[in-house]
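Sequential numbering of the sequence shown, starting at 20, is according to the working numbering.
The beta-carbon is built from N, C-alpha and C at its ideal position, and this holds for glycine as well.
All figures in this text were calculated on a predicted structure; none of them were measured in a lab.
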Amino acid sequence: MSTILLIEQVLNGLQFGVMLFLMAAGLTLIFGVMGLINLAHGSLYMVGAFAAAAVAGVTGSFVLALAAALAAAALAGAVIEIAVIRRLYAAPHLDQVLATFALILIFSEGTRWLFGSFPLYLDIPDALSGPVTLPGGIEYPRYRLALIAIGIAVALGLWWLTARTRLGIRIRAGENDREMIAALGVDISRLYTLVFALGAALAGLAGALVGAIQSVQVGMGEPVLILAFVVIVIGGIGSIKGAFVGALLVGLTDTLGGLFLPALFRLFMAPDAATQTGAALASMAIYILMGLVLVWRPAGLFGTRAA
Numbered sequence: 020m021s022t023i024l025l026i027e028q029v030l031n032g033l034q035f036g037v038m039l040f041l042m043a044a045g046l047t048l049i050f051g052v053m054g055l056i057n058l059a060h061g062s063l064y065m066v067g068a069f070a071a072a073a074v075a076g077v078t079g080s081f082v083l084a085l086a087a088a089l090a091a092a093a094l095a096g097a098v099i100e101i102a103v104i105r106r107l108y109a110a111p112h113l114d115q116v117l118a119t120f121a122l123i124l125i126f127s128e129g130t131r132w133l134f135g136s137f138p139l140y141l142d143i144p145d146a147l148s149g150p151v152t153l154p155g156g157i158e159y160p161r162y163r164l165a166l167i168a169i170g171i172a173v174a175l176g177l178w179w180l181t182a183r184t185r186l187g188i189r190i191r192a193g194e195n196d197r198e199m200i201a202a203l204g205v206d207i208s209r210l211y212t213l214v215f216a217l218g219a220a221l222a223g224l225a226g227a228l229v230g231a232i233q234s235v236q237v238g239m240g241e242p243v244l245i246l247a248f249v250v251i252v253i254g255g256i257g258s259i260k261g262a263f264v265g266a267l268l269v270g271l272t273d274t275l276g277g278l279f280l281p282a283l284f285r286l287f288m289a290p291d292a293a294t295q296t297g298a299a300l301a302s303m304a305i306y307i308l309m310g311l312v313l314v315w316r317p318a319g320l321f322g323t324r325a326a
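Laid out in structure tokens, this is it:
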């Protein structure tokens, strides 16, 4: 195995991880602050991707496409929080699951009605197309490097928001004692709508960014949502730092597992059998990682309460 291949796969894992972080950060904010299980978060990812593809197709501008993805996902999040989610905060988790699953069906059929069943495609902007030469002569896609940089920038921005701003103080206080901050005059309903819209915007941004390297299609958010739940269980519910670290662990485990496990089994198995066995274990690697973390720390790496 060459060093160049290894470095490329590590970068692929980082890129996959930071995109998962954008999904998981919004999900962990919503669950941590509101205590809400939101299965429709993947649909907001899909909304961002379709909004970006539609606007890019009309205007040809990738920047406007990203802005449209953020706005569409945030608006959709605010609307469903006010219309549906607000009635579920005191409901049992089973009711939350059923209601947000219904939202998945509504978003999927609504998107199919608006855009059809065929996938859309979002072109990589010219400024970010093509490879860039890294130290050591490694050529890596410029757009994927930009995704890593954007993910890290968003992580730093979320840390600043939650740790250094008045809104962040309210978010953290709402997570710990919502009745107390309501007694101090904070409008809990407005805070919840804002947090939900922020989480939805992050999901929409992830959908738009990933939409340029894969097709944009109905149902694209559900597989990513499952991985986002794995991320927040590993990192700890309600922790932005945990979401970032957990996302990087999941991204690297998924990518490097597919590289190393088949090669490992080839040492003592026939090539075909080794490839099949290694690929099967690689697909389970992130769930094995989650199980090991929960055995060691049931609340997750940075969680303060059991998941």
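Next on the checklist: Since L320 and G261 should fall inside the 8 Å C-beta cutoff, what is the C-beta to C-beta distance between them, to a whole number of angstroms?
Outcome noted: Reading the sequence shown from its first residue, position 301 is the one you call residue 320. Reading the sequence shown from its first residue, position 242 is the one you call residue 261. Between L320 and G261 a beta carbon distance of about 5 Å is seen, short of the 8 Å cut, so the two are scored as contacting.
Item to check | V264 in three-state terms, based on DSSP | outcome: The residue given as residue 264 occupies position 245 in the sequence shown. Helix.
Item to check | Given A68 as reference, the closest of I307, A110, L141 once Cα atoms are compared | outcome: Locating residue 68 in the sequence shown gives position 49, counting from the first residue. Minimum Cα distance to A68 is reached at L141.
Item to check | Sheet register partners of Y108 (DSSP bridge) | outcome: As a working mapping, residue 108 is identified with position 89 in the sequence shown. In the DSSP secondary-structure assignment, Y108 is not bridged to any residue.
Checklist entry - Looking only at its own chain, which residues have a Cβ that is under 7 Å from the Cβ of L164, when we skip the five neighbours before and after it? => result Locating residue 164 in the sequence shown gives position 145, where the first residue counts as 1. Once the five neighbours on either side are set aside, the close Cβ partners of L164 are V151.
Checklist entry - Does DSSP put I157 in a helix, a strand or coil? => result By 1-based counting over the sequence shown, the position of residue 157 is 138. Reduced to three states, the DSSP call for I157 is strand.
Next on the checklist: Between the alpha carbons of E100 and F215, how many angstroms are there, rounded?
Outcome noted: Locating residue 100 in the sequence shown gives position 81, where the first residue counts as 1. Locating residue 215 in the sequence shown gives position 196, where the first residue counts as 1. Answer to the nearest angstrom: the Cα atoms are 7 Å apart.
Checklist entry - Can you tell me whether DSSP reads L139 as helix, strand or coil? => result Your numbering for residue 139 matches position 120 in the sequence shown. Correct three-state label for L139: strand.
Next on the checklist: Measuring alpha carbon to alpha carbon, tell me which residue in I167, V269, V74, L24 is nearest I157.
Outcome noted: Position 138 of the sequence shown, counted from the start, is the residue given in the question as residue 157. Check the Cα spacing between I157 and each of I167, V269, V74, L24: the tightest is with L24.
Checklist entry - Rounded to a whole number of angstroms, what is the C-alpha to C-alpha distance between I143 and H60? => result For the purposes of this step, residue 143 is taken as the residue at position 124 of the sequence shown. For the purposes of this step, residue 60 is taken as the residue at position 41 of the sequence shown. If you take the alpha carbons of I143 and H60, they lie about 25 Å apart.
Next on the checklist: Assess contact between the stretch 167-179 and the stretch 37-45, defined as three or more Cβ pairs (one per stretch) separated by less than 8 Å. Is contact present?
Outcome noted: Yes, the stretch 167-179 is in contact with the stretch 37-45.
Item to check | DSSP state of A325 mapped onto helix, strand, coil | outcome: Here residue 325 is taken as the residue at index 306 of the sequence shown, counted from 1. Residue confidence for A325 is low, a pLDDT of 44 falling below 50, so the modelled location carries little weight and cannot support an answer.
Item to check | Where the alpha helix (DSSP H) containing S1 begins and where it ends | outcome: Here the chain covers residues 20 to 326 and nothing more, so residue 1 does not appear.
Checklist entry - Terminal residues of the continuous alpha helix (DSSP H) containing M6? => result Since the displayed the chain opens at 20 and closes at 326, residue 6 lies outside it and no answer follows.
Checklist entry - DSSP on V314, reduced to helix/strand/coil? => result Along the sequence shown, read from residue 1 onward, the residue named residue 314 stands at position 295. It is helical.
Next on the checklist: Please report the straight-line C-alpha distance between L280 and V205, rounded to a whole angstrom.
Outcome noted: For this step, residue 280 is matched to residue 261 along the sequence shown. For this step, residue 205 is matched to residue 186 along the sequence shown. One Cα belongs to L280, the other to V205, and the distance between them is close to 52 Å.
Checklist entry - Which word fits I49, buried or exposed, when buried means at least 16 other C-beta atoms lie within 10 angstroms of its C-beta? => result As a working mapping, residue 49 is identified with position 30 in the sequence shown. The residue is buried, with at least 16 neighbouring Cβ atoms inside 10 Å.
Next on the checklist: Counting C-beta neighbours from all protein chains within 10 Å, is the total for G297 16 or more, i.e. buried, or is it exposed?
Outcome noted: Residue mapping note: residue 297 aligns to position 278 of the sequence shown, counting from 1. Here G297 is buried. Its C-beta has 16 or more other C-beta atoms within 10 Å.
Checklist entry - Between the Cα of L244 and the Cα atoms of A43, D273, G270, L107, which residue gives the shortest distance? => result The residue you call residue 244 lines up with position 225 of the sequence shown. Comparing Cα positions, the closest option is A43.
Checklist entry - So what does DSSP say about T184, is it helix, strand or coil? => result One-based indexing of the sequence shown puts residue 184 at position 165. Here T184 carries a coil assignment [DSSP, helix/strand/coil].
Next on the checklist: Taking DSSP's pairing of strands, which residues face V250 in a bridge?
Outcome noted: Along the sequence shown, read from residue 1 onward, the residue named residue 250 stands at position 231. Paired residue(s): none; V250 is not in a bridge.
Checklist entry - The alpha helix (DSSP H) with L221 in it runs from where to where? => result Position 202 of the sequence shown, counted from the first residue, corresponds to residue 221. 207-230 is the span of the alpha helix (DSSP H), which, as asked, contains L221.
Checklist entry - Per DSSP, P150 is paired with what? => result In the sequence shown, the residue the question calls residue 150 occupies position 131. In the DSSP output, where bridge partners are listed per residue, P150 has P160.
Next on the checklist: Taking DSSP's pairing of strands, which residues face V98 in a bridge?
Outcome noted: Locating residue 98 in the sequence shown gives position 79, counting from the first residue. Answer is none; V98 lacks a bridge partner.
Next on the checklist: Please classify S302 as buried or exposed, where buried requires at least 16 neighbouring CB atoms within 10 angstroms.
Outcome noted: Translated into the one-based positions of the sequence shown, residue 302 becomes position 283. Exposed, since its Cβ has fewer than 16 Cβ neighbours within 10 Å.
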